[in-house]
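Numbering (the numbering used here), first residue to last: 334 to 730.
Working notes, beginning with the structure itself.
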Ligand code: NDP
């Protein structure tokens with residue numbers, strides 16, 4: 334029986350709150366707090382039964398967070414606000430002696446750059462206080478890293494080549510929309526590509542490397558090498574990897590819109606003056622784009638995300654592919670949210686459950702592959718994201 338504080342009431346926060354509420358034997362009390370309280374109230378109302386309490390909080394403000402945490406006294410804070418708030422929430426957790434979990438690594442607001450160094454720097458402080466910080470427990474990062482840990486534990490003596498493949502073969506019926514926070518999403522996909530090879534990072538131009546990969550139940554989709562945050566911790570935790578890449582599918586329409594957005598300056602995070610007011614073009618653009626949380630109703634198709642790994646087992650070469658497919662309509666029917674929010678929110682809830690039931694509890698700051706993958710892999714299907722595997726198939730890569 335445990336109390337959790339969930340911060341952030343967007344698409345992901347909605348799924349996390351609903352999923353936690355459905356496991357009362359673990360999550361006995363839930364407080365959902367965000368910048369806009371009415372969004373928390375709407376989620377609490379959907380769940381019903383007075384299961385979820387709500388509060389307003391500015392998660393950029395450490396003293397405000399400390400007051401809220403002290404008033405509720407949770408065992409764990411689940412951070413599903415934006416990556417900008419990671420450090421303030423970790424600071425507040427340290428000050429109040431509460432453990433921490435998130436789904437995306439820290440990113441400063443004024444620089445489109447993300448890396449784990451800022452959060453890894455909290456290692457000694459979390460360890461000294463006997464608190465756990467679980468980093469990156471969504472789908473990617475999150476399940477993809479747990480799949481990799483599971484493969485390393487059960488399928489390989491040595492993993493050499495890792496390709497994480499992320500396909501969204503969904504159609505939301507809009508000319509252009511992003512599947513999670515537009516500001517964060519556009520910052521991520523417009524940056525240069527980067528992958529790990531022979532002990533160093535190789536940089537590419539955005540979307541320079543392209544291949545049509547086949548996805549189960551979907552077929553071929555154009556896939557592009559982009560840089561994704563879990564690569565940073567995976568190459569550190571699995572030093573035998575000779576190459577590690579991340580592939581994401583993009584439709585031609587999406588890429589055309591993205592090119593125009595960049596060419597006309599709307600992806601910029603440099604503030605400009607507009608009628609005497611300072612605005613950030615990308616933040617303004619976010620306000621004009623569809624809210625990712627509202628895409629679910631007409632969203633058809635499915636996502637397919639997994640890991641394709643090559644290495645050695647018992648002196649022989651082996652390949653292993655492990656993946657989940659998630660239908661947007663199934664996610665919507667269950668939670669009112671589309672598949673990308675669902676595939677992020679379910680692992681965040683399960684990571685919290687792993688911590689609260691003592692399976693993932695150790696002092697310090699950890700990426701999810703540093704925990705035992707087995708109890709997570711045993712339960713993730715039951716909570717909505719079943720996985721499949723293929724051994725010694727053609728990885729195409
Ligand atoms: P949304 O933009 O839909 O939701 C973000 C929520 O955080 C909103 O409710 C917002 O409040 C709230 N928020 C923002 N700033 C503050 C603040 N200063 N104080 C309090 N609350 C704040 O994003 P998503 O739900 O799509 O994404 C949530 C997180 O999940 C992001 O960090 C994203 O990067 C991550 N993610 C991870 C994935 C993975 O697989 N690992 C995949 C997809 C997303 P308001 O409503 O007022 O704006």
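Positions of the beta carbon are idealized from the N, C-alpha and C atoms, including for glycine.
Keep in mind that this is a model prediction, so the values were computed, not measured.
Looking at residue 608 and residue 560, is the spacing between their C-beta atoms short of 7 Å? By 1-based counting over the chain shown, the position of residue 560 is 227. By 1-based counting over the chain shown, the position of residue 608 is 275. Cβ distance not < 7 Å, so residue 560 and residue 608 don't count as in contact.
Determine the DSSP secondary structure at residue 653, reduced to helix, strand or coil. For the purposes of this step, residue 653 is identified with residue 320 of the chain shown, where counting begins at 1. Looking at residue 653 - three-state DSSP - the assignment turns out to be strand.
Just checking residue 522 against the ligand NDP - is the residue's beta carbon closer than 6 Å to any of the ligand's heavy atoms? Residue numbering aside, residue 522 sits at position 189 when the chain shown is read from its first letter. Result no, Cβ not under 6 Å from the ligand NDP.
Which residue wins for smallest C-alpha separation from residue 715, given the options 335, 563 and 352? Taking the chain shown and counting its residues from 1, the one referred to as residue 715 is at position 382. Per the Cα distances, 352.
Let me know the secondary structure DSSP gives residue 466 once reduced to three states. What you label residue 466 is simply residue 133 of the chain shown in a count that begins at 1. If DSSP states are grouped into helix, strand and coil, residue 466 belongs with the strands.
Assuming residue 602 is part of the beta strand (DSSP E), what are its boundary residues? In the chain shown, counting from the first residue as 1, residue 602 sits at position 269. No beta strand (DSSP E) holds residue 602; DSSP gives it neither H nor E.
Please report whether the beta-carbon of residue 437 lies at a distance below 7 Å from any beta-carbon of chain D. The chain inventory of the structure shown lacks chain D, comprising one protein chain alone.
Please report the distance separating the alpha-carbon of residue 484 from that of residue 350. Within the chain shown, numbered from 1, the residue matching residue 484 stands at position 151. Within the chain shown, numbered from 1, the residue matching residue 350 stands at position 17. Going from the Cα of residue 484 to the Cα of residue 350 covers about 30 Å.
Are at least three pairs of beta-carbons, each pair with one atom in the region 445 to 460 and one in the region 645 to 662, less than 8 Å apart? no
Starting from the C-beta of residue 531, find all residues in its chain whose C-beta is less than 7 Å away, skip the five residues before and the five after it, and write them out in chain order. Reading the chain shown from its first residue, position 198 is the one you call residue 531. Taken in chain order, the residues that qualify are 575.
Which residue marks the beginning of the alpha helix (DSSP H) containing residue 490, and which one marks its end? Start at 1 with the first residue of the chain shown, and residue 490 comes out as number 157. Careful: residue 490 lies outside any alpha helix (DSSP H) and carries neither H nor E.
Does the region 547 to 556 come within contact of the region 460 to 477, defined as at least 3 CB pairs closer than 8 Å? no
Compute the minimum distance between the beta carbon of residue 712 and the heavy atoms of the ligand NDP, and state whether it is under 6 Å. The residue given as residue 712 occupies position 379 in the chain shown. Not so, every heavy atom of the ligand NDP lies at least 6 Å from the Cβ.
Hey, quick one: how far does the alpha helix (DSSP H) through residue 460 stretch, first residue to last? Along the chain shown, read from residue 1 onward, the residue named residue 460 stands at position 127. Residues 456 to 461.
Below 6 Å, is the gap between the Cβ of residue 436 and the nearest heavy atom of the ligand NDP? Position 103 of the chain shown, counting from 1, holds the residue named residue 436. Residue 436: yes, Cβ under 6 Å from the ligand NDP.
Using the Cβ count rule (16 or more neighbours within 10 Å means buried), how would you classify residue 610? Locating residue 610 in the chain shown gives position 277, where the first residue counts as 1. By the 10 Å Cβ count, residue 610 comes out exposed.
Starting from the C-beta of residue 403, find all residues in its chain whose C-beta is less than 8 Å away, skip the five residues before and the five after it, and write them out in chain order. Taking the first residue of the chain shown as 1, we reach residue 403 at position 70. Result list for residue 403: 429, in chain order.
Do residue 406 and residue 387 come within 7 Å of each other at the CB atom, strictly closer than that value? The count along the chain shown starts at 1 and reaches residue 387 at position 54. The count along the chain shown starts at 1 and reaches residue 406 at position 73. No. Outside cutoff.
Less than 6 Å separating the Cβ of residue 367 from some heavy atom of the ligand NDP? As a first step, residue 367 is located in the chain shown; it is residue number 34 there, counting from the start. Yes, the beta carbon of residue 367 sits closer than 6 Å to at least one heavy atom of the ligand NDP.
Extent of the continuous beta strand (DSSP E) run through residue 419: For this step, residue 419 is matched to residue 86 along the chain shown. First-last for residue 419: 419 to 429, but that is the alpha helix (DSSP H), not the beta strand (DSSP E).
Residue 700: buried (16+ other C-beta within 10 angstroms of its C-beta) or exposed? Taking the chain shown and counting its residues from 1, the one referred to as residue 700 is at position 367. Burial call: buried.
At a threshold of 6 Å, does residue 672 count as lining the ligand NDP (C-beta to nearest heavy atom)? Residue 672 sits at position 339 when you count from the first residue of the chain shown. Answer for residue 672: no, Cβ out of range of the ligand NDP.
Mind checking which residues open and close the alpha helix (DSSP H) that includes residue 520? For the purposes of this step, residue 520 is identified with residue 187 of the chain shown, where counting begins at 1. Run containing residue 520: 515 to 522, per the alpha helix (DSSP H) assignment.
In the structure shown, what three-state DSSP assignment does residue 408 receive? In the chain shown, residue 408 corresponds to position 75, counting from 1. Note: residue 408 maps to coil in three-state DSSP.
Own chain partners of residue 709 with C-beta closer than 7 Å, once the 5 adjacent residues on each side are dropped: For the purposes of this step, residue 709 is taken as residue 376 along the chain shown, with counting starting at 1. 479, 683 and 687.
Is residue 517 near the ligand NDP, in the sense that its beta carbon is under 6 Å from a heavy atom of that ligand? Working through the chain shown from its first residue, we reach residue 517 at position 184. Answer for residue 517: yes, Cβ within range of the ligand NDP.
Measure how close the beta-carbons of residue 510 and residue 625 come, nearest whole angstrom, since I'm counting them as under 8 Å. Here residue 510 refers to the residue found at position 177 when the chain shown is read from its first residue. Here residue 625 refers to the residue found at position 292 when the chain shown is read from its first residue. Indeed, because the Cβ distance is near 7 Å, the residues count as touching under 8 Å.
What are the boundary residues of the alpha helix (DSSP H) that residue 683 is part of? As a working note, residue 683 is residue 350 in the chain shown. 672 to 689 is the span of the alpha helix (DSSP H), which, as asked, contains residue 683.
Reduced DSSP category for residue 619 - H, G, I as helix; E, B as strand; rest coil: Taking the first residue of the chain shown as 1, we reach residue 619 at position 286. Reduced to three states, the DSSP call for residue 619 is helix.
Would the beta-carbon of residue 567 be found less than 6 Å away from any heavy atom of the ligand NDP? Here residue 567 refers to the residue found at position 234 when the chain shown is read from its first residue. No; taking the cut-off as 6 Å, the Cβ of residue 567 has no heavy atom of the ligand NDP nearer than that.
Can you tell me whether DSSP reads residue 433 as helix, strand or coil? Residue mapping note: residue 433 aligns to position 100 of the chain shown, counting from 1. Residue 433: strand per DSSP, three-state reduction.
Could you tell me which residues DSSP pairs with residue 498 in its beta bridges? Here residue 498 corresponds to residue number 165 of the chain shown, with the count starting at 1. The partner list for residue 498 (beta bridge, DSSP) reads 580 and 639.
On the criterion of 16 or more Cβ atoms from any shown chain inside 10 Å, does residue 357 qualify as buried, or is it exposed? Along the chain shown, one-based indexing puts residue 357 at 24. By the C-beta density criterion, residue 357 is exposed, having fewer than 16 other C-beta atoms within 10 angstroms.
Opening and closing residue of the beta strand (DSSP E) in which residue 449 lies: As a first step, residue 449 is located in the chain shown; it is residue number 116 there, counting from the start. It is not in any beta strand (DSSP E) - residue 449 carries neither H nor E in the DSSP assignment.
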